[in-house]
Amino acid sequence: MTYKVLIADDEKIVVDSIKFILENNLDIDFEISTFTSGREALENLLFYSYHIAFIDIKMPDLGGLELIEEYRKMRNSDFPIFIIVSAYDRFEFAKKAIKEKAFAYILKPYSIEDIISTIHSAIAQVDSILAKTKESIEKNAQLIVMRNLLENSFIPTLIFKNAFDIVDVNQYEKIFGTNLKSGFLMVLTLKDKNDLVSSFKELDNIRKDIKISFEHKVLTSIGMGEYLICFFPAQSQKEVEVLQEKIQEILKQKPYWNSIKIGFSDLYYLEEGYENAFWEAYHLTLDLEFPEENEENEHLLLLTENLEAKLIHSFNNPTQIPMIENYMTQLCRLYIELFGENNLKYKVIKLIIMLLLETGIATSDESIDVEKLISQILNSSYEQIIEIFKKAVLTLFSKAKSKHEQIISNDSINKAIEFINQNYSNEITLSQISSTFNFNPYYFSKLFKKYTGVSFKTYLTKLRIQKACQLLKNTSKSIKEISFAVGFSDPNYFIKAFKKFTGMTPSAFRNSPADINSI
């Protein structure tokens, strides 16, 4: 490779001699620039890239050490490697050169060997830095790809599952470099629905543009080629309003603005879940051109969601055989009416995968070859898809029922409740409990709700609120201290949750005659 070298000294004979030594004593390609002015040398260092710079310590307009100091203020770079050339053998100069991270200090008069040995060492350092930089670039490229894949799969967990229960949110915050504890959602859909593949490509191009436009301060995911979900972190409703206004201003400048519909949610907290935020934003995208069409489509979407929920509920509570076949027939009809016959196969595949996740049935189960099942659905007619769908769902239901009976027999729910009652003040997650009893978090959460009447999160929050009520009535601790004492990490969310469960703020409760036992 060619090494770019700068030489600056107010004595032209010094500049020429160093250049001569480099060009005539080494079998190395150099591109050498020379200057007799410190100020001119600094300007070139700032505008052009150099690997190595020989700088005289004393020049009339700008000395070498001052030059390096000015350069460091304006550039945070490993290059160039500075070599100080000086006629002054004084400790204070050497000391300052070390402070400014100069690579070497050569005293005049120097020998050819002095220059050659120093340049060899400098080139070795340059090669080492370039190798590390190349490795870093390659690693960063790999990390960007992995981050995008991870982000696309994590967003559905963040929204449709209680991520606070299932994953280590702090770890994901480090990976994504953003706050996940509170924020709002934007859902973006296309006005003109094409086939699934074309829609996905178009949404993916918009997704990439949004990531660039908002400096990667947004998490994104594409939902089955139908909509783009964007999560923006925010701390307050006021911040949400400001950000949403800014987002719309930016998107209105985009060439695709007239071909999309967007909906925003209000501020939501992770501890209460983002699923309602999604539906709040998604339903705003259903504002079609014709009111009657909008009303009819919204009704069909809500009916579809209700049937999917009933089917999932049947799997999570398989105590008796429900109207599964009827649910599936109706769902297939609604899928075609809403999304077209070409997209029926993708909706069916999505629902089967959702059922696998909800029930915690392993995809490696010998009786359920998921890859083969997907291949069959993709290559079948409308009538065949319905039959394959029914057969697969009935098989899954049978396995869910068997697993349900297995869990009931080992009294896991009672053990989980006992664990929560003893550890409510600590950071406690559904993932932690389910792994303790060796069960899938999704399925265990559904089973927990079946036998307690409330979700794991609601049970834990209500328990914490009850304990907080006792502390409010019986101690003089501050509201902030109480929120931490009962397991809340955010005092603002504690106040919001307290008001939701009791109908009043913690301060109002403390000063009221309200009965703790009635909470």
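Per full-length UniProt numbering: the sequence shown = residues 1 to 519.
Idealized CB from N, CA, C, for every residue including glycine.
- Taking 9 Å as the cut-off, the Cβ atoms of Ile123 and Val85 do not count as close.
- Residue range 237-251 is occupied by the alpha helix (DSSP H) that includes Leu251.
- Within the same chain, Cβ atoms closer than 6 Å to the Cβ of Ile52 are found at Val5, Pro80, Ile81, Ala122, the five residues on either side in sequence being excluded.
- As far as DSSP is concerned, Thr461 takes part in no beta bridge.
- With fewer than three CB-CB distances shorter than 8 Å, the stretch 237-255 does not count as touching the stretch 469-476.
- At least 9 Å separates the beta-carbon of Ala485 from that of Lys496.
- Of the other Cβ atoms in all chains shown, 16 or more fall within 10 Å of the Cβ of Ala281; this residue is therefore buried.
- Per DSSP, Thr178 is not a residue of any alpha helix (DSSP H), being assigned neither H nor E.
- In this model, Lys391 and Ile222 are separated by some 29 Å (Cα to Cα).
- By the beta-carbon neighbour count (other beta carbons within 10 angstroms, threshold 16), Asn205 is exposed.
- Contact between the stretch 32-39 and the stretch 8-18 is present, with at least three C-beta pairs closer than 8 Å.
- The Cβ neighbour count for Arg464, taken over all protein chains shown within 10 Å, is at least 16; the residue is labelled buried.
- Judged by beta-carbon spacing, Phe448 lies beyond the 9 Å limit of Ala400, meaning their Cβ atoms are not closer than that value.
- Nearest C-alpha to Ser213 among Gln253, Phe184, Ile119, Ile28: Gln253.
- Between Tyr3 and Ile28 a beta carbon distance of about 7 Å is seen, short of the 8 Å cut, so the two are scored as contacting.
- Residue pairing from DSSP places Thr34 in a beta bridge opposite Ile7.
- If you check the CB distance, Leu311 and Leu331 come in under 9 Å.
- Its chain contains Tyr269, Glu271 as the residues whose beta carbon lies nearer than 7 Å to that of Tyr493, once the 5 sequence neighbours on both sides are disregarded; these appear in chain order.
- A straight-line Cα-Cα distance of about 10 Å links Leu460 and Gly487.
- Straight-line spacing of the CA atoms in Ile129 and Thr220 works out to 35 Å.
- Following the DSSP letters along the chain, one finds Ala53 inside the beta strand (DSSP E) bounded by residues 52-56.
- Between the alpha carbons of Asn423 and Phe456 lies a distance of about 13 Å.
- Shown here for Trp257: same chain residues with a beta carbon closer than 8 Å to its own, the five before and five after excluded, namely Leu251 in chain order.
- By the CB criterion at 9 Å, Val187 and Thr285 fall inside the cutoff.
- Between the alpha carbons of Lys181 and Leu267 lies a distance of about 11 Å.
- Ile81 has Ile52 as its beta-bridge partners, per DSSP.
- Note: Val187 is bridge-paired with Ile229, Gly263 in the DSSP secondary-structure output.
- The C-beta of Lys345 has 16 or more other C-beta atoms within 10 Å across all chains shown, which makes the residue buried.
- Secondary structure at Asp209: helix, using DSSP grouped into helix, strand and coil.
- Residue state for Asp29 is assigned as strand, using DSSP reduced to three classes.
- Excluding its 5 nearest sequence neighbours in each direction, Ala104 has C-beta neighbours in its own chain below 8 Å: Ile83, Ile84, Thr118, Ser121, Ala122, listed in chain order.
- With contacts defined by Cβ atoms closer than 9 Å, Ala277 and Ser265 form a contacting pair.
- In the DSSP annotation of this structure, Ile222 is not part of any alpha helix (DSSP H); the continuous beta strand (DSSP E) holding it starts and ends at 219-223.
- With contacts defined as CB atoms closer than 9 Å, Leu65 and Leu42 fail to qualify as a contacting pair.
- Assignment of Ile106 by DSSP, reduced to helix, strand and coil, places it in the strand class.
- Ser86 is bridged by DSSP to Leu107.
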